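Some notes on the structure that comes next.
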Amino acid sequence: MDELLTILKNNALEKPETIARMLNLSVDAVKARIADYEKQGIIRGYQAILNVDQLDISHVTAVIEVKVTPEREGGFDRIASRISRYPEVQSLYLMSGAYDLLLFVAGKDLKEVAFFVSEKLATLDGVVSTATHFMLKTYKHHGVLMETQDADERLQVSP
Amino acid sequence: MPTNDSKSPRDFIAGHIVDMPRSGIRDFFDIVSTMKDIISLGIGEPDFDTPWHVREYTVFALERGATHYTSNMGLLELRRAISKYVEKAFRASYKPETEILITVGVSEALDLALRATLNPGDEVLYHEPCYVSYRSDVILAHGTPVTVETKRDNQFRLTRAMLEAKATPRTKVLLLNFPNNPTGAILRKEDLVEIAAFARERNLLVITDEIYAELTYDGEHTSIASLPGMKERTIFLHGFSKAWAMTGFRLGYACAPPELTEAMMKVHQYTMLCAPTMSQKAAIEALTKPQTAVVEMTAEYRRRRNYLVKSFEEMGLPCTTPAGAFYAFPYIGHLGIASKDFALKFLDREKVAVVPGTAFGACGEGFVRCAYATSMENIQEAMRRMARFVQSLKKG
Ligand SMILES: Cc1ncc(COP(=O)(O)O)c(C=O)c1O
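These protein sequence lines map, in sequence, to chains E and D. Using our numbering, read the first sequence as starting at 1 and increasing by one per residue. Using our numbering, read the second sequence as starting at 1001 and increasing by one per residue.
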């Protein structure tokens, strides 16, 4: 992977000026490359990684396994595309194995997610069955630990 | 009865220890450690944690009972892994059974190499600026250290001519460290070839500390041990502290022909017995699994190095681009301030710790060592403060 993308994946807020120094490039070259990645759709967005558990708000996330009947010609893509349009759906993947689609669905509470599953998801043409698991606690999200790490314990000066 | 004239405890200390100065790093450490909330570019060890699979495996090994002594030489499985690794990465082949000794860090390996080979008064050629222990280690082994100074105006190169100028009939050992702490310099291939020829012609033993070999940024590392006719006169030292971020495990090794390995083994068996068993297990895990973490850490060090070099350039501080290790050694001599005063003032005014170049030898005067084994955020903030500080010095 391009080192520029590695840097942005670690910290999307890294300034083009800093990246330019790290990669021995001009600032303009870095900006142009980022713009190009955005235009190509390789960079799809920039988000903050939150530890939502620390916020004083009501929220739940469910992981839902879905079995579907693939359509002739459309395969899984058409139904997956329809499901992905619901704003409740945070992530959606086609899986190998015992089920077909894996969804991450967010809601205010259990009831809201249950309503989405029974009223929207399960009733879609092609959906054969669903299995819903609720998340209890987040330990790591997008490669980031949700537990605050100990401060640097190294000696302040060493040979 | 003889009178017991009150003897000072100091009188018990051996002559060569009384005269030995404390490491310049320690003096500076004592000052820094009294201060809070500083950004330190003074740390000579990785900021990365030891790769998780290594830590996890160490715990597993402890649970399985890796708590006893190993053979003096170290676990054979580890020596086999090292033999394979050194063959592949350094193109030097050593037999696990007779030519590899596991030690408590490169620190012990260096001590063993010197003690096993030096007779009192034998001269050891070594280059400065260098790692703080070299000079004292030679003295501890009753050898005579002979300094060869490397200079900024030719990128801290070490050349045959520089060695020739200091060699005498008593010269026995040539001690090398590339990539270098504190300059980040590496040896050019043409210099390496010439230095090897010099060692062969003069019948010298070469002790080569290649602990930073993996952290080489602009090309491939070449070991002097891999050059023709060198293996029989070389003790190759390496360890896990730097590239694998395993400083606290205290694990290193020496590779050398059987006779030399056996000689080092004697000292090791009577003074250390063996390296820590759980650390040896950890090292097996570190060497035999994919080197993903080493590659990623190296890439990150390279980015930080680039950032530093550019920052020094903008501040008007000449700095040879470090080709390896994780130190930059910018020149501050033109600011009309001694290294130590620079470091003390910078610490006092801007709360950033850098190490005075003089800690690495007299010819380090005019330089400070900035380690980039710290986060990009720290580096950025430290460079902002350094630019401000340098500006204030220029104004006088
Ligand atoms: C050049 C050099 N050699 C040896 C060492 C010590 O390594 P170890 O942790 O393996 O004893 C260091 C540590 O800073 C070093 O910079």
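Think of the CB as a built atom: it goes at the ideal place given N, C-alpha and C, for glycine as much as any other residue. What you are looking at is a predicted structure, and each value in this text was computed from that prediction instead of being measured.
Can at least three beta-carbon pairs, one atom from the stretch 1240-1255 of chain D and one from the stretch 1210-1226 of chain D, be found at a separation below 8 Å? Below 8 Å, enough C-beta pairs join the stretch 1240-1255 of chain D and the stretch 1210-1226 of chain D to call them touching: three or more.
Quick one: complete beta strand (DSSP E) runs, 3+ long, within the stretch 1209-1278 of chain D? Runs of the beta strand (DSSP E) inside the stretch 1209-1278 of chain D: 1234-1239 and 1252-1255.
Is it a yes or a no for the stretch 1029-1044 of chain D touching the stretch 1361-1379 of chain D, going by three-plus beta-carbon pairs under 8 Å? Output reads yes: the stretch 1361-1379 of chain D touches the stretch 1029-1044 of chain D.
Where the beta carbon is closer than 6 Å to any heavy atom of ligand 1, which residues qualify, in chain order? Neighbourhood of ligand 1, defined by CB distance below 6 Å to any of its heavy atoms: E/P159, D/G1044, D/G1105, D/V1106, D/S1107, D/Y1131, D/N1177, D/N1181, D/D1209, D/I1211, D/G1239, D/S1241, D/T1247 and D/G1252, in chain order.
Is the beta carbon of D/F1029 closer than 7 Å to that of E/V27? As a first step, residue 27 of chain E is located in the first sequence; it is residue number 27 there, counting from the start. As a first step, residue 1029 of chain D is located in the second sequence; it is residue number 29 there, counting from the start. No, the pair does not count as a contact, with Cβ atoms beyond the cut-off.
For D/R1160, which residues in the same chain have their Cβ closer than 8 Å to its Cβ, ignoring the five residues on either side in sequence? As a working mapping, residue 1160 of chain D is identified with position 160 in the second sequence. So the qualifying residues of the chain are D1191, E1194, I1195, A1197 and F1198.
Thinking C-beta only, is D/M1264 closer than 7 Å to D/A1254? By one-based count along the second sequence, residue 1254 of chain D stands at place 254. By one-based count along the second sequence, residue 1264 of chain D stands at place 264. Yes, these two residues count as a Cβ contact at 7 Å.
Is DSSP giving D/K1007 helix, strand or coil here? Within the second sequence, residue 1007 of chain D is the residue found at index 7, counting from 1. Note: D/K1007 maps to coil in three-state DSSP.
Can you tell me which of D/G1361, D/T1277, D/F1326 and D/P1330 puts its alpha carbon nearest to the alpha carbon of D/L1075? Looking up residue 1075 of chain D in the second sequence gives position 75. Check the Cα spacing between D/L1075 and each of D/G1361, D/T1277, D/F1326 and D/P1330: the tightest is with D/T1277.
What residues in its chain sit with their C-beta under 6 Å from that of E/E14, if we drop five residues either side in the sequence? Position 14 of the first sequence, counting from 1, holds the residue named residue 14 of chain E. Excluding positions up to five away in sequence, the list reads I7.
Near-chain E residues of the stretch 1234-1263 of chain D (beta-carbon distance less than 9 Å), N- to C-terminal order: If the cut-off is 9 Å between Cβ atoms, the stretch 1234-1263 of chain D has T1247 near chain E.
Cross-chain neighbours of E/S158 in chain D, by beta carbon under 8 Å: By one-based count along the first sequence, residue 158 of chain E stands at place 158. In chain order, I1025, F1029, G1042, I1043, G1044 and E1045 make up the part of chain D whose C-beta sits under 8 Å from the C-beta of E/S158.
Nearest neighbour of D/V1086, chosen from D/E1056, D/V1368 and D/I1224 [CA to CA]: Counting from 1 along the second sequence, the entry for residue 1086 of chain D is found at position 86. Selection D/E1056, D/V1368 and D/I1224 evaluated against D/V1086 yields D/I1224 as nearest (Cα-Cα).
Alpha helix (DSSP H) segments (min. 4 residues) lying fully within the stretch 66-128 of chain E: Correct list: 77-84 and 110-115.
For D/F1326, tell me which candidate among D/P1051, D/L1344, D/E1300 and D/G1396 has the shortest Cα-Cα distance. Within the second sequence, the letter at position 326 stands for residue 1326 of chain D. With distances taken between CA atoms, D/F1326 lies nearest to D/E1300 out of D/P1051, D/L1344, D/E1300 and D/G1396.
Measure from the alpha carbon of D/L1251 to the alpha carbon of each residue in D/A1014, D/E1232, D/T1050 and D/A1092, then state which is nearest. Numbered from its first residue, the second sequence carries residue 1251 of chain D at position 251. Ranked by how close their Cα comes to the Cα of D/L1251, the residues D/A1014, D/E1232, D/T1050 and D/A1092 have D/T1050 in first place.
Could you check where the alpha helix (DSSP H) with D/Y1085 kicks off and where it finishes? Stepping through the second sequence from its first residue, residue 1085 of chain D is reached at position 85. For D/Y1085, the enclosing alpha helix (DSSP H) stretches over residues L1076 to F1090.
Nearest to D/A1116 by CA position, among D/K1266, D/A1089 and D/P1258, is which residue? For this step, residue 1116 of chain D is matched to residue 116 along the second sequence. Restricting attention to D/K1266, D/A1089 and D/P1258, the CA atom closest to the CA of D/A1116 is found in D/K1266.
Does the beta-carbon of E/Q40 have 16 or more other beta-carbons within 10 angstroms, so that it is buried, or is it exposed? If you number the first sequence from 1, residue 40 of chain E lands on position 40. It is exposed - the Cβ of E/Q40 has fewer than 16 other Cβ atoms within 10 Å.
Going by the DSSP bridge assignment, what does D/G1324 pair with across the sheet? Here the question's residue 1324 of chain D lines up with position 324 in the second sequence. D/T1216.
Cα-Cα, which of E/F104, E/K120 and E/E71 is closest to E/F134? Working through the first sequence from its first residue, we reach residue 134 of chain E at position 134. Per the Cα distances, E/F104.
D/V1206 to D/Y1131, Cα distance in whole Å? As a position in the second sequence, residue 1206 of chain D is number 206, starting the count at 1. As a position in the second sequence, residue 1131 of chain D is number 131, starting the count at 1. The straight-line gap separating the alpha-carbon atoms of D/V1206 and D/Y1131 is approximately 17 Å.
Going by C-alpha to C-alpha distance, which of D/N1378, D/T1103, D/I1082 and D/A1113 sits closest to D/R1304? Translated into the one-based positions of the second sequence, residue 1304 of chain D becomes position 304. Ranking the options by Cα distance to D/R1304, first place goes to D/N1378.
E/L155 to D/P1356 span [Cα, whole Å]: Translated into the one-based positions of the first sequence, residue 155 of chain E becomes position 155. Translated into the one-based positions of the second sequence, residue 1356 of chain D becomes position 356. Using only the alpha carbons, I get a separation of about 17 Å.
According to DSSP, residues forming a beta bridge with D/P1169: Numbered from its first residue, the second sequence carries residue 1169 of chain D at position 169. Beta-bridge pairing links D/P1169 to no other residue.
Between D/R1266 and chain E, is there a C-beta pair that is closer than 7 Å? One-based indexing of the second sequence puts residue 1266 of chain D at position 266. Position check: residue 1266 of chain D holds Lys in this sequence, whereas Arg was assumed. Not closer than 7 Å to any Cβ of chain E, the Cβ of D/K1266 fails to qualify, so no.
Collapsed DSSP secondary structure at E/L13 in the structure displayed: For the purposes of this step, residue 13 of chain E is taken as the residue at position 13 of the first sequence. The three-state secondary structure of E/L13, taken from DSSP, is coil.
Out of D/M1020, D/Q1380 and D/E1365, state which residue places its alpha-carbon closest to the alpha-carbon of D/E1128. Along the second sequence, read from residue 1 onward, the residue named residue 1128 of chain D stands at position 128. Minimum Cα distance to D/E1128 is reached at D/E1365.
Anticipated Cβ contact below 8 Å, D/F1329 with D/P1182, distance rounded: For the purposes of this step, residue 1329 of chain D is identified with residue 329 of the second sequence, where counting begins at 1. For the purposes of this step, residue 1182 of chain D is identified with residue 182 of the second sequence, where counting begins at 1. The distance from the Cβ of D/F1329 to that of D/P1182 is about 5 Å, consistent with a contact at the 8 Å cut-off.
Exposed or buried, which one is E/N10 when buried takes at least 16 other CB atoms within 10 Å? Counting from one through the first sequence, the residue named residue 10 of chain E turns up at place 10. By the 10 Å Cβ count, E/N10 comes out exposed.
Residues of the stretch 1337-1361 of chain D with Cβ closer than 7 Å to any Cβ of chain E, in chain order: Answer in chain order: A1353 and V1355.
If contact is defined by three or more beta carbon pairs under 8 Å, each pair taking one atom from either stretch, is the stretch 54-61 of chain E in contact with the stretch 105-117 of chain E? The answer is yes - the stretch 54-61 of chain E touches the stretch 105-117 of chain E, with three or more Cβ pairs under 8 Å.
I'd like to know whether the C-beta of D/S1223 is nearer than 7 Å to at least one C-beta of chain E. Translated into positions along the second sequence, residue 1223 of chain D becomes position 223. Under the 7 Å criterion on CB atoms, D/S1223 is classed as non-interfacial with respect to chain E.
Hey, would you say the C-beta of D/T1234 is under 6 Å away from at least one heavy atom of ligand 3? In terms of ligand content, the structure shown lacks ligand 3 and carries ligand 1 instead.
Would E/R33 count as contacting chain D if we go by Cβ distances under 7 Å? The count along the first sequence starts at 1 and reaches residue 33 of chain E at position 33. Taking Cβ atoms only, chain D never reaches closer than 7 Å to E/R33, which makes this a no.
Could you please give the first and the last residue of the uninterrupted alpha helix (DSSP H) stretch that includes D/R1135? In the second sequence, the residue the question calls residue 1135 of chain D occupies position 135. S1133 to L1140 is the extent of the alpha helix (DSSP H) around D/R1135.
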